[in-house]
Ligand SMILES: Cc1cc2nc3c(=O)[nH]c(=O)nc-3n(C[C@H](O)[C@H](O)[C@H](O)COP(=O)(O)O)c2cc1C
């Protein structure tokens with residue numbers, strides 16, 4: 003049974019690769035008028051507007067690490083958390099087109115992730131399961147009735163694959179999973195700011211689907227289904243999640259009345275990767291580097307975060323910021339990792355273009371001691387593995403100007419050359435997937451979390467990041483000398499000085 007699931011995952015991964023001479027299967031043409039709706043609502047479910055204030059707006063970015071008392075679970079504080087992890091952050095307008103942005107990035111701005119809240123004994127909120135309607139920053143009551151024995155609040159997440167598959171075809175499942183990783187990091191930052199201790203609930207996908215009501219097939223008849231991903235407990239530890247609600251209400255809206263294509267491999271890989279998050283938790287080490295003082299408020303960083311659409315191609319990144327970015331990627335190096343206390347299995351390779359005091363070239367920073375030797379065995383033999391930092395496990399592989407290579411490997415996108423550093427996130431792959439095919443999702447979540455940490459750390463320092471989901475998989479493997487799938491590159495990321503597009507106007511998220 004596991005063998006056939008592993009085979010499904012490996013086959014999906016192989017066929018969803020982009021190559022220099024062939025992109026993964028996707029729609030030949032796109033009708034932008036027919037884009038699936040970015041917001042789902044639950045008709046017939048009672049709506050409750052959430053308070054919009056961010057209640058933790060005074061905390062400085064560099065104070066994120068400080069321990070603080072946990073705020074009470076009430077609607078004001080939960081409204082504040084949801085704004086900072088899944089809410090809208092702005093509307094953008096250009097020549098009559100209007101689109102919204104959220105607290106986390108999303109491939110193609112298509113936002114496949116839906117957010118749920120389970121509340122038990124939360125002040126101001128009836129016990130129940132709620133859909134978070136980010137368009138209005140409101141809750142839609144999906145289920146209620148019965149007295150939960152637990153007290154707590156949980157945020158749950160599901161993916162609507164079609165939102166991504168509509169544009170990206172077969173590769174879309176990967177993007178949904180990378181997005182999920184960004185969302186997890188966003189939740190982790192937001193929870194830490196409220197003094198809560200976020201924790202992934204150890205339930206398998208079926209259990210999560212049951213808790214979020216996603217298994218109620220009759221409710222989803224005739225509309226796009228939602229794939230259960232994960233539930234984060236905010237304060238409740240491992241207490242049993244309330245799920246036996248007596249009453250259910252609401253019918254999910256249809257997002258696309260006339261889907262033009264079908265990509266059955268996405269349903270197959272989704273089924274093959276259902277499972278439970280990694281269970282073996284490790285103690286997080288203390289940060290390797292001290293946090294640089296930065297008075298910018300953390301909530302401001304979160305709400306102003308944008309992906310750069312272009313970089314200036316000339317700004318040189320200060321060495322201290324470069325080190326801060328890398329330090330925050332190490333386990334324990336950012337408060338985000340409180341939510342991911344598992345063995346690090348995704349490791350950054352860097353194409354350094356413009357960093358003060360760091361020679362341009364190819365570098366690697368294994369995030370675990372064990373990974374260093376296995377990466378060394380798998381990478382090109384001629385790589386130098388020259389220690390490049392006194393404290394960080396950073397190694398120079400080759401000195402070279404790699405801007406053109408970064409651009410080519412990233413589907414010829416200029417951002418990969420014009421940024422200061424391009425990251426290639428390399429996952430331990432064949433062994434984790436063979437041991438548990440659900441790892442396919444978890445590796446992408448870890449990569450998305452790494453991207454999110456890079457993005458917010460850069461934003462806090464006046465720099466910007468952009469995720470790059472479009473890259474030529476095996477061309478990158480060739481550069482690194484990878485001969486098999488023991489390791490695979492699963493995400494690229496660019497960090498640089500963004501160019502501002504003055505033609506696009508910005509409007510408030512909520513009025
Ligand atoms: C998984 C993922 C892959 C992405 N891939 C690309 C890419 O290949 N090229 C690009 O220019 N932007 C890419 N982006 C950035 C998105 O286009 C951007 O997040 C989206 O337009 C929303 O804008 P915002 O991040 O400013 O909110 C990616 C983002 C994510 C999360």
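Numbering (this note's numbering), first residue to last: 3 to 513. Yeah, the Cβ is synthetic: ideal placement off N, Cα and C, and Gly gets one too. Since the model is a prediction, treat every value here as computed from it, not as a measurement.
Residue i - partner residues in DSSP beta bridges
i           : result
residue 143 : 132
residue 507 : 95
residue 348 : 429
residue 558 : In the structure displayed, the chain extends from 3 to 513; residue 558 sits before or after that span and is not available.
residue 254 : 44
residue 76  : 125
residue 500 : 313
residue 249 : 146
residue 51  : 140
residue 493 : 427
residue 24  : 21
residue 152 : For residue 152, which the question treats as bridged, DSSP gives no partner whatsoever.
residue 159 : 117 and 232
residue 364 : 353 and 400
residue 90  : 104
Spatial distance of residue i from residue j (CA atoms)
i           : j           : result
residue 499 : residue 320 : 11 Å
residue 414 : residue 30  : 19 Å
residue 250 : residue 183 : 30 Å
residue 382 : residue 76  : 54 Å
residue 85  : residue 102 : 14 Å
residue 324 : residue 357 : 7 Å
residue 222 : residue 72  : 37 Å
residue 196 : residue 56  : 10 Å
residue 7   : residue 231 : 17 Å
residue 469 : residue 132 : 30 Å
residue 386 : residue 399 : 5 Å
residue 277 : residue 403 : 42 Å
residue 298 : residue 337 : 17 Å
residue 215 : residue 503 : 42 Å
residue 288 : residue 339 : 11 Å
residue 126 : residue 146 : 14 Å
residue 322 : residue 295 : 11 Å
residue 283 : residue 235 : 16 Å
Secondary structure of residue i, DSSP reduced to three states
i           : result
residue 177 : helix
residue 102 : strand
residue 465 : coil
residue 343 : coil
residue 387 : coil
residue 278 : coil
residue 374 : helix
residue 457 : helix
residue 524 : With the chain represented from 3 up to 513, any question about residue 524 goes unanswered, as that position is not in the structure.
residue 299 : strand
residue 233 : strand
residue 171 : helix
residue 63  : helix
residue 183 : helix
residue 269 : helix
residue 215 : coil
residue 191 : helix
Contact belief for residue i with residue j at Cβ below 8 Å, rounded distance in angstroms
i           : j           : result
residue 192 : residue 83  : 5 Å
residue 421 : residue 496 : 4 Å
residue 492 : residue 445 : 6 Å
residue 117 : residue 305 : Contact doesn't hold; Cβ gap of about 17 Å is too wide.
residue 343 : residue 427 : That pair is no contact at about 19 Å.
residue 303 : residue 461 : 5 Å
residue 185 : residue 87  : 7 Å
residue 228 : residue 162 : 6 Å
Same chain, Cβ closer than 6 Å to residue i, neighbours up to 5 away in sequence not counted
i           : result
residue 166 : 112, 114, 174, 177 and 178
residue 488 : 380 and 432
residue 507 : 95
residue 81  : 52 and 53
residue 172 : 18, 26, 27, 265 and 267
residue 346 : 333, 369 and 370
residue 315 : 420
residue 158 : 118, 214 and 233
residue 120 : 131 and 156
Contacts around residue i, its chain only, beta-carbon distance under 7 Å, and the 5 residues preceding and following it disregarded
i           : result
residue 275 : 11, 439, 440, 442 and 443
residue 354 : 360, 362, 363, 365 and 423
residue 389 : 397
residue 378 : 387
residue 22  : 474 and 477
Cutoff 8 Å; reference residue i; Cβ partners in own chain excluding five residues on either side
i           : result
residue 242 : 151 and 152
residue 148 : 129, 244, 246, 247 and 248
residue 436 : 8
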